[in-house]
């Protein structure tokens with residue numbers, strides 16, 4: 088029989104979380120990650136009850152609830168994961184933090200710099216966390232391994248990071264309305280570009296970056312005039328490293344995955360190429376492929392099933408222990424800020 | 088027995104060329120290309136007689152001569168190929184054109200915009216050609232095939248071209264002195280970046296481009312303070328297409344070739360990736376690999392031994408027929424101009 092003391096310790100080491108606002112399917116990945124990291128999904132809320140029930144049904148023990156309030160008032164819930172419409176993500180976060188919860192939002196975390204400032208203040212005021220699901224690094228084993236290799240000095244000093252983030256639009260009519268409204272989704276750099284900014288800062292070890300140039304376009308979707316289907320950005324890190332990324336919505340139907348995402352990391356002593364989702368047109372097409380070229384040779388390293396996704400377990404410990412091991416708040420906000428500033432710079436060109 | 092008339096026709100259809108100033112090994116590729124295209128290497132000159140003899144020995148019928156003058160005064164020679172020290176390429180070309188020869192120089196064709204202006208005027212004045220060996224496209228079968236695919240509309244409208252042009256420095260002491268002197272080699276964008284500018288213009292079908300940002304660095308070679316070991320550039324084409332390229336001297340010793348050059352061409356209907364020199368870390372490592380992803384699927388196309396290098400045969404016909412089928416003079420000069428302007432923009436940041 089377990090004594091009261093033991094139960095108390097277990098409770099102290101258990102993180103219950105909730106999921107709400109299920110506008111983007113990323114919420115499934117977010118819940119998966121947190122559960123694999125040791126969290127327990129307790130409650131799910133969405134204005135669309137069917138959507139909430141459907142998510143809850145996938146995770147045994149989770150229960151669809153009737154309102155946001157039920158979650159915010161539940162003292163057992165320490166963390167709220169959410170994938171609201173992008174322009175609403177900040178306000179959801181502020182309500183969570185005011186209710187004493189940590190917040191874990193889908194990317195892009197904001198659609199305007201003013202929102203970032205509100206969030207920054209609320210974090211200071213409440214001591215809560217405003218974390219972001221930068222899935223293209225955090226939920227990608229080859230990216231996790233690349234981080235470990237870079238940290239271990241496998242390619243020397245990182246000089247340049249080039250990121251390619253193509254995405255499939257799919258059947259345009261299956262996308263929600265907000266996907267085509269600039270004020271609501273924020274722009275392509277602010278949205279899928281935010282992954283790329285985060286990766287640049289992370290792999291180069293920068294704390295800040297200067298925007299050299301940022302541009303966006305609607306090259307192929309005149310029927311959706313507010314959709315940006317292309318964006319690219321050139322950055323210089325505060326340690327002198329060089330960055331470039333491009334993002335787009337032009338993944339062809341024939342690609343076996345949603346997007347042939349790559350990251351190329353050039354160092355003084357070697358380079359790394361990540362083929363995140365697919366080794367395109369190869370006999371061994373599996374993604375999560377890391378290619379390392381150094382002074383010894385060319386190495387092809389399949390990362391699937393190796394590193395796991397340490398971010399989530401670390402985030403859970405951070406929520407319980409009030410530490411910052413998964414990712415610092417400063418890094419989260421800086422990545423968001425640069426993406427927003429790039430978006431503004433691109434907007435000003437129009 | 089061949090009659091006089093036939094011999095006359097053969098002569099009219101034969102292009103004799105010379106090679107001089109053998110400062111870069113590209114001259115071997117230039118001669119190979121011209122000979123495979125039907126040209127006949129007649130004379131070779133270099134101030135270093137051993138160098139001239141050594142090149143001549145590789146091509147039966149070619150003869151090392153004692154002076155540049157011997158070549159310029161030879162009425163049978165219509166074209167001069169040269170790979171002089173970059174800062175001298177323009178003057179060599181002007182002397183060739185003044186002597187009534189077409190000129191085919193290694194890239195980068197100039198180290199300063201003033202040289203370009205001199206060459207432009209001399210071309211107008213003499214009606215001769217100032218052609219450039221942009222080998223990373225012209226002497227690359229996968230690049231030739233990419234050009235054919237793009238022209239045929241295989242990926243729709245070209246939106247964006249991303250070029251990676253890493254190069255191996257090798258034993259730094261085996262490089263000539265001019266390699267480390269900025270005034271003589273011109274800078275990394277002006278040198279190996281010129282390939283990239285040319286490819287951007289070619290694949291996007293632009294006639295001009297705006298420089299968004301250009302930067303260079305010496306990240307890892309403080310012992311050679313004037314060496315730029317890194318450069319990258321963001322361009323916008325006059326048809327709205329987007330371009331980025333990076334070039335560097337950081338190819339690790341373990342790579343099986345001199346540089347893992349790539350070109351990524353994104354179109355509205357698909358994309359192409361060129362792995363020019365190596366399919367890095369793959370079981371089938373051969374370069375000249377073209378990957379085409381379109382609405383039908385992912386295709387891996389080995390281009391080695393398929394297209395050949397039509398540029399050279401076309402150039403020879405152009406010299407004989409006074410046409411512009413291989414490459415227009417305007418394109419050659421525009422690519423050079425943009426590379427020089429990028430270099431200047433990068434220089435101004437310092």
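Residue numbers (our numbering), protein chains in the order written: chain A, 88 to 437; chain B, 88 to 437. Think of the CB as a built atom: it goes at the ideal place given N, C-alpha and C, for glycine as much as any other residue.
- Relative to residue 292 of chain A, the option among A:370, A:239, A:260 whose CA is nearest is A:239.
- Under the three-pair Cβ rule at 8 Å, the segment 259 to 275 of chain A does not count as touching the segment 343 to 355 of chain B.
- Proximity of chain A to residue 356 of chain B at the Cβ level (cut-off 8 Å) is accounted for by 339, in chain order.
- Across the set B:326, B:324, B:314, B:325, the C-alpha of B:314 shows the shortest separation from the C-alpha of residue 335 of chain B.
- Using a C-beta cut-off of 8 Å, the segment 297 to 305 of chain A makes no contact with the segment 244 to 251 of chain A, since fewer than three inter-stretch Cβ pairs fall below that distance.
- Counting other Cβ atoms within 10 Å of its Cβ, residue 112 of chain A stays below 16 and is therefore classed as exposed.
- Straight-line measurement puts the Cα of residue 252 of chain A at about 29 Å from the Cα of residue 181 of chain A.
- Going by beta carbons, residue 221 of chain A and residue 194 of chain A fall inside the 8 Å limit.
- Counting along the chain, residue 115 of chain B sits inside the alpha helix (DSSP H) bounded by residues 113 to 123.
- The CB of residue 249 of chain B comes closer than 9 Å to the CB of 249, 251, 319, 331, 333 in chain A, given here in chain order.
- Bridge pairing for residue 166 of chain A: A:104, A:189 [DSSP].
- At a Cβ-Cβ threshold of 8 Å, residue 165 of chain B and residue 102 of chain B count as neighbours.
- In the DSSP annotation of this structure, the continuous segment of the alpha helix (DSSP H) that includes residue 228 of chain B starts and ends at 228 to 238.
- Pairing residue 285 of chain B with residue 394 of chain B gives a Cβ-Cβ distance that is not under 8 Å.
- The segment 427 to 437 of chain A makes no contact with the segment 206 to 215 of chain A; the number of CB pairs closer than 8 Å stays below 3.
- With respect to chain B, the C-beta atom of residue 380 of chain A has a partner C-beta closer than 8 Å.
- By alpha-carbon distance to residue 385 of chain B, the top candidate from B:289, B:359, B:368 is B:359.
- Boundaries for residue 127 of chain B: no alpha helix (DSSP H) harbours it, while the beta strand (DSSP E) harbouring it runs 127 to 132, taken from the DSSP string.
- With contacts defined as CB atoms closer than 8 Å, residue 332 of chain B and residue 290 of chain B fail to qualify as a contacting pair.
- In the three-state scheme derived from DSSP, where H, G and I count as helix and E and B as strand, residue 414 of chain B is classed as coil.
- Chain-ordered, the chain A residues with CB closer than 8 Å to the CB of residue 387 of chain B read 368, 369.
- Rounded to the nearest angstrom, the Cβ distance from residue 132 of chain A to residue 157 of chain A is 7 Å, consistent with a contact under 8 Å.
- Along the segment 274 to 307 of chain A, the positions whose C-beta sits under 8 Å from a C-beta of chain B are 299, 300, 302, 304, 306, 307, read in chain order.
- Spatial neighbours of residue 404 of chain A in its own chain (CB-CB distance under 6 Å, excluding positions within 5 residues in sequence) are not present.
- Rounded to the nearest angstrom, the Cβ distance from residue 169 of chain B to residue 106 of chain B is 7 Å, consistent with a contact under 8 Å.
- For residue 397 of chain B, the enclosing alpha helix (DSSP H) stretches over residues 397 to 408.
- Contacts between residue 323 of chain B and chain A, judged by CB atoms closer than 8 Å, involve 302 in chain order.
- Rounded to whole angstroms, residue 391 of chain B and residue 269 of chain A show a C-alpha spacing of 46 Å.
- Following the DSSP letters along the chain, one finds residue 284 of chain B inside the alpha helix (DSSP H) bounded by residues 280 to 291.
- With contacts defined as CB atoms closer than 8 Å, residue 365 of chain B and residue 374 of chain B qualify as a contacting pair.
- About 7 Å separates the beta carbons of residue 130 of chain A and residue 149 of chain A, which is inside the 8 Å limit, making them a contact pair.
- At a beta-carbon threshold of 7 Å, the residues of chain B lying near residue 343 of chain A are 385, ordered along the chain.
- The continuous stretches of beta strand (DSSP E) do not include residue 275 of chain B, and DSSP gives it neither H nor E.
- Counting along the chain, residue 210 of chain B sits inside the alpha helix (DSSP H) bounded by residues 200 to 213.
- Around the Cβ of residue 134 of chain A, a 10 Å sphere holds fewer than 16 other Cβ atoms; the residue is exposed.
- When beta bridges are read from the DSSP output, residue 321 of chain A appears opposite A:300, A:331.
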